[in-house]
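Numbered by our numbering, the letters in the sequence shown go through residues 100 to 278 in order.
The beta carbon of each residue, even a glycine, is placed where N, CA and C say it ideally should be.
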Amino acid sequence: AFLVAIHENVHRDSLTPIDEARAYQRLMAAGKATTQRDLARLVNVSQARISQRLALLKMPQEIILALSVPGGELTERHARVLRQLPTPDDQRALLRRIIAENLTVDVTAEIVADATTDRTRRGGPHRRWVVSEGLRWRTSDRGLELQCRATTPAEQARVLREIAARLEASAPAPCTPSR
Numbered sequence: 100a101f102l103v104a105i106h107e108n109v110h111r112d113s114l115t116p117i118d119e120a121r122a123y124q125r126l127m128a129a130g131k132a133t134t135q136r137d138l139a140r141l142v143n144v145s146q147a148r149i150s151q152r153l154a155l156l157k158m159p160q161e162i163i164l165a166l167s168v169p170g171g172e173l174t175e176r177h178a179r180v181l182r183q184l185p186t187p188d189d190q191r192a193l194l195r196r197i198i199a200e201n202l203t204v205d206v207t208a209e210i211v212a213d214a215t216t217d218r219t220r221r222g223g224p225h226r227r228w229v230v231s232e233g234l235r236w237r238t239s240d241r242g243l244e245l246q247c248r249a250t251t252p253a254e255q256a257r258v259l260r261e262i263a264a265r266l267e268a269s270a271p272a273p274c275t276p277s278r
């Protein structure tokens, strides 16, 4: 009966990704399948889906809770992107930002890619992107790179003041010549 219920709910998309993962975990623990491949055949889904869902259960508790909310702000695609971050603390920090700023999966993926990349396309070192209210900038071997959604002159002026303040704050102290 449990197997039939799981099969029906999975194919009706009535389970959250976490509920689905827990159901797969219970089926395997009950000995209904010994491998993910066997389980996939049993419930008629791909082995990749089984693997992806089970991987969600290894994430930090806050992410699991956020994924447990039906129709919540965090999607499984967000979670798959979060898994690429190196530490649970990084994952939790970006989770909070996803919820606070209502970030899309694509924006989240850009943030993760920028945070996990240590080199530019040409192989030189660069600073990570700074992201703030529709604005992204960084300094690199090519100078200042800026991506902005500011459309009015007032927004553009605010953006330039913010960049100047951040660059000034991060600039090294001037050197005094020694005698």
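- THR207 is classed as buried because its beta carbon has at least 16 other beta carbons within 10 Å across all chains shown.
- Annotation for TYR123: LEU138, ILE149, ARG152 and LEU153 place their beta carbon closer than 7 Å to its own, counting only its chain and skipping 5 residues before and after.
- Remark: C-beta atoms of LEU181 and ILE162 approach each other more closely than 8 Å.
- Counted as a single uninterrupted DSSP element, the alpha helix (DSSP H) harbouring GLN151 occupies residues 146-155.
- Membership of MET127 in the alpha helix (DSSP H) is indicated by the continuous run 116-128.
- Cβ neighbours of SER145 within its own chain (closer than 7 Å, five residues either side excluded): ALA139.
- Rounded to whole angstroms, the gap between the alpha carbons of GLU172 and GLU261 is 29 Å.
- A residue is called buried when at least 16 other Cβ atoms come within 10 angstroms of its Cβ; ALA128 does not meet this threshold and is exposed.
- Pairing THR115 with PRO187, the inter-Cα distance amounts to about 22 Å.
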